[in-house]
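Protein chains: 4
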Amino acid sequence: MTFATQMLVTHPGTLDVDTDALSRCIDECFSCAQACTACADACVAEESVADLRQCIFLCLNCADLCETTGRIISRTAKFDRGLARAMLQACAATCKFCGAECKHHGEMGMAHCEVCAEACKRCEEACQALLALL
Amino acid sequence: MTFATQMLVTHPGTLDVDTDALSRCIDECFSCAQACTACADACVAEESVADLRQCIFLCLNCADLCETTGRIISRTAKFDRGLARAMLQACAATCKFCGAECKHHGEMGMAHCEVCAEACKRCEEACQALLALL
Amino acid sequence: MTFATQMLVTHPGTLDVDTDALSRCIDECFSCAQACTACADACVAEESVADLRQCIFLCLNCADLCETTGRIISRTAKFDRGLARAMLQACAATCKFCGAECKHHGEMGMAHCEVCAEACKRCEEACQALLALL
Amino acid sequence: MTFATQMLVTHPGTLDVDTDALSRCIDECFSCAQACTACADACVAEESVADLRQCIFLCLNCADLCETTGRIISRTAKFDRGLARAMLQACAATCKFCGAECKHHGEMGMAHCEVCAEACKRCEEACQALLALL
Chain A
-16 MTFATQMLVT HPGTLDVDTD ALSRCIDECF SCAQACTACA DACVAEESVA DLRQCIFLCL
44 NCADLCETTG RIISRTAKFD RGLARAMLQA CAATCKFCGA ECKHHGEMGM AHCEVCAEAC
104 KRCEEACQAL LALL
Chain B
-16 MTFATQMLVT HPGTLDVDTD ALSRCIDECF SCAQACTACA DACVAEESVA DLRQCIFLCL
44 NCADLCETTG RIISRTAKFD RGLARAMLQA CAATCKFCGA ECKHHGEMGM AHCEVCAEAC
104 KRCEEACQAL LALL
Chain C
-16 MTFATQMLVT HPGTLDVDTD ALSRCIDECF SCAQACTACA DACVAEESVA DLRQCIFLCL
44 NCADLCETTG RIISRTAKFD RGLARAMLQA CAATCKFCGA ECKHHGEMGM AHCEVCAEAC
104 KRCEEACQAL LALL
Chain D
-16 MTFATQMLVT HPGTLDVDTD ALSRCIDECF SCAQACTACA DACVAEESVA DLRQCIFLCL
44 NCADLCETTG RIISRTAKFD RGLARAMLQA CAATCKFCGA ECKHHGEMGM AHCEVCAEAC
104 KRCEEACQAL LALL
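Residue numbers (my numbering), protein chains in the order written: chain A, -16 to 117; chain B, -16 to 117; chain C, -16 to 117; chain D, -16 to 117.
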């Protein structure tokens, strides 16, 4: 069990949302925030930085969005489904765009973009899976 | 391999810091940020919230500190060892205080505090292990 | 001119959004993030903390949401209107709920809640004003 | 009075730190976080992005550090002077480096770097002024 799962099952609240889907989404949000932070840094360091601009812009927004989404859905005491849905939709959409851009650069040989694309894809899927339950 | 490890090994930079220690510290920082965010929420929801004030204050600071430390040490292109050391020291110290407070409440029956105490302890240890290598 | 305004007018991009409305919204987002962070801290410190739970929950979410919205709309190089709209709508809605809760406690004598209610109201208005232009 | 000042004077706590120095530092931290976020975005958008790498790296770290410092010193209920000192020192040092790099590019014609240099300088000074009182 990850800490996110353990925190959910020990929380005094009574949120009626599937614990597996919620904890997976929390974990993927934080993982994706980290991957996007590192990918933006790696892209700026590349010789071909001028070709990676779009990837950098998307990664910086995606990192902030994933982090805040991860925080908001970690707060289950007074879970606001409307806010959660809005954040998960924005997060999934941004992960989709960012992941597509990263995948493109990954296929051109940027290995860190390939890793980040995978993190984005998993986060997008976890957001969609949680959205389907809210 | 976690995404943090994969991002480190695919980064174009040449940072001379042990990848295992660094990626473990990054992962523990993000995990602890999540656990502290959830623990603060759970503490506010407890009937005994008035007795958990110190725990809430510490968790909120610890969450922000862990997150920013995790971001800063994820940026390895121009790794500033002085800044990394300062952040890791502040993060380890805060995790120690927060973990001790959480452990105390864990022993009084607050199960989420017990989980959070473990996350803080692991983050403190990972910060200290990385500090020893910088 | 605030720094946000100066940053907008010196940015190399050519975003076609009214600078006054955008910079005002950026500034209000950061101000509201600060006020909500301080209000949550103040509420936890109050003797009547048990009656302020809802206010604390809302302030913590509102702080994170305002901050990330402020960051995302500060990045004007590749401004994504769809993402900006989604964030501004979520931010305005959260500021509205948080401001209403704070206003209620402000009327009961919590002076910091009254200040925070004003910060939320101004942020909500700035988000709505910017939304109307996107 | 800024919201930061109003929040300080209405807070139920009894922190014995000069309100003017503290509120100025809080405001400069949030302003600098915003300016650095915008400057990184502007630098990535510049044709000469390859020459602005160091500026981008510094701005991204500085934005996160300023934001977390601003949040931590906004929480005055259980103000930890040791933690505040550590954060203010790290923040002042990072603002100094980032401001110097931005000033250099400002002199080469990057107007947004010139604005950001001024935000960094004011934040560095506000951190030092507050440090002198702790």
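Idealized CB from N, CA, C, for every residue including glycine.
Anticipated Cβ contact below 8 Å, residue i with residue j, distance rounded
i        : j           : result
Thr59(D) : Gly(-4)(D)  : 5 Å
Cys15(A) : Cys45(A)    : 7 Å
Cys22(B) : Met(-10)(A) : 7 Å
Asp1(A)  : Leu114(A)   : Rounded, the Cβ-Cβ distance is 12 Å, inconsistent with contact.
Ser57(B) : Gln17(A)    : 6 Å
Ile55(D) : Asp47(B)    : 6 Å
Val98(D) : Thr(-7)(C)  : 6 Å
Three-state secondary structure (DSSP) of residue i
i           : result
His88(B)    : helix
Ser6(B)     : helix
Met(-16)(A) : coil
Gly82(D)    : helix
Val0(D)     : coil
Asp118(B)   : Outside the displayed range of chain B (-16 to 117) lies residue 118(B), so it cannot be described from this structure.
His(-6)(C)  : coil
Glu30(D)    : coil
Leu117(C)   : coil
Arg58(B)    : coil
Met93(B)    : coil
Chain C within 8 Å of residue i, Cβ atoms only
i         : result
Leu116(A) : no
Arg162(A) : Residue 162(A) lies beyond the stretch modelled for chain A, which goes from -16 to 117, so this question has no answer here.
Gln72(A)  : yes
Asp24(D)  : yes
Glu50(D)  : yes
Thr20(D)  : yes
Lys61(A)  : yes
Short CB-CB distance (under 8 Å) between residue i and chain A
i           : result
Phe13(D)    : no
Gly82(B)    : no
Ile9(C)     : no
Ala33(D)    : yes
Gly53(B)    : yes
Met91(B)    : no
His(-6)(B)  : yes
Ala(-13)(B) : yes
Ala67(B)    : no
Leu43(C)    : yes
Ala94(B)    : yes
Short CB-CB distance (under 8 Å) between residue i and chain D
i          : result
Ala100(A)  : no
Gln37(C)   : no
Phe40(C)   : no
Thr2(B)    : no
Asp(-1)(B) : no
Gln111(C)  : no
Minimum Cβ-Cβ distance from residue i to chain B less than 8 Å
i        : result
Ala28(C) : yes
*Is the region -1 to 12 of chain A touching the region 31 to 39 of chain B, taking contact as three or more C-beta pairs under 8 Å?*
no
_Quick test of the definition: if touching needs 3 or more C-beta pairs under 8 Å, does the region 87 to 94 of chain C touch the region 63 to 77 of chain C?_
no
*Does the region 22 to 32 of chain A come close enough to the region 90 to 101 of chain A to have 3 or more Cβ pairs within less than 8 Å?*
yes
*Report yes or no: do the region 65 to 74 of chain D and the region 103 to 113 of chain D share at least 3 C-beta pairs separated by less than 8 Å?*
yes
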